[in-house]
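Asks: Numbered per the numbering used here, the sequence shown spans residues 88 to 236. This is the structure, below, for whatever I ask next.
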Amino acid sequence: MDIQPENQFDFWLGEWDVAWGDDGNGTNHIERILDGKIIQESFRAPDFQGLSVSAYDPERKLWCQTWVDNNGTYLDFTGKVEYGKMILAREAIVRGEACKQRMVWYDIRENKFEWNWERSDDGGNTWRILWQIHYTRKPASRPRKASGL
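What follows is the structure, given as structure tokens:
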């Protein structure tokens, strides 16, 4: 069954434990706000906090996300589902160098998925993973019915 574009991020809704590297860990709370039209993320880890808001733009047929965090970072992304993965990307300048950055949600299952932060220095021909997070749904927020890509 095909999922309506505005519901493609429903797999992300809920309370998540997140883990990366040898000892990185935190939580992520994802919910719909503003009459269900906006998805709000609240990411918490030791010494790091951030939030995002995401909305589907039916005119452009793209998801749009804005991220801010306690380091003063502001990032904006656009993207869509491609090959069963949610991919949001942006053009960036990092330390004076132009590059592309993207977030990739993949291997999406009812109660877990993988997320990568990636960078390309060759216009998107090749990507390298800078940060990989393993998401596991907290038992109290398990959905009654799975909804994903």
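Idealized CB from N, CA, C, for every residue including glycine.
Go ahead and pull the three-state DSSP assignment for PHE200.
Replies: Strand at PHE200.
Asks: Just to confirm, are TRP204 and TYR222 a CB contact at a threshold of 8 Å?
Replies: No; because the gap between Cβ atoms is not below 8 Å, this pair is not in contact.
Asks: By the 10 Å Cβ neighbour count, where 16 or more other Cβ atoms means buried, how is VAL181 classified, buried or exposed?
Replies: The residue in question, VAL181, is exposed, as its Cβ has fewer than 16 Cβ neighbours within 10 Å.
Asks: Helix, strand or coil for GLY96, going by three-state DSSP, please let me know.
Replies: First, the residue type needs correcting, since residue 96 is Phe and not Gly in the sequence shown. It is coil, neither helix nor strand.
Asks: Please classify ASP109 as buried or exposed, where buried requires at least 16 neighbouring CB atoms within 10 angstroms.
Replies: Classification for ASP109: exposed.
Asks: Tell me, which residues are paired with GLN136 by DSSP?
Replies: ARG131.
Asks: Kindly give me the distance between the Cβ atoms of ARG177 and LEU162, rounded to whole angstroms, as I take these residues to be in contact under 8 Å.
Replies: Right, their Cβ atoms sit about 6 Å apart.
Asks: Tell me the DSSP bridge mates of LYS124?
Replies: LYS124 is not bridged to any residue.
Asks: Just how far apart, CA to CA, sit TRP150 and ARG206?
Replies: If I take the Cα positions, the gap works out to 19 Å.
Asks: What does DSSP give as the partner residue(s) for ALA142 in the beta ladder?
Replies: Note: ALA142 sits in a beta bridge opposite ILE125, CYS151.
Asks: Tell me whether the beta-carbon of PRO92 lies closer than 8 Å to the beta-carbon of TYR143.
Replies: In this structure, TYR143 lies closer than 8 Å to PRO92 by Cβ.
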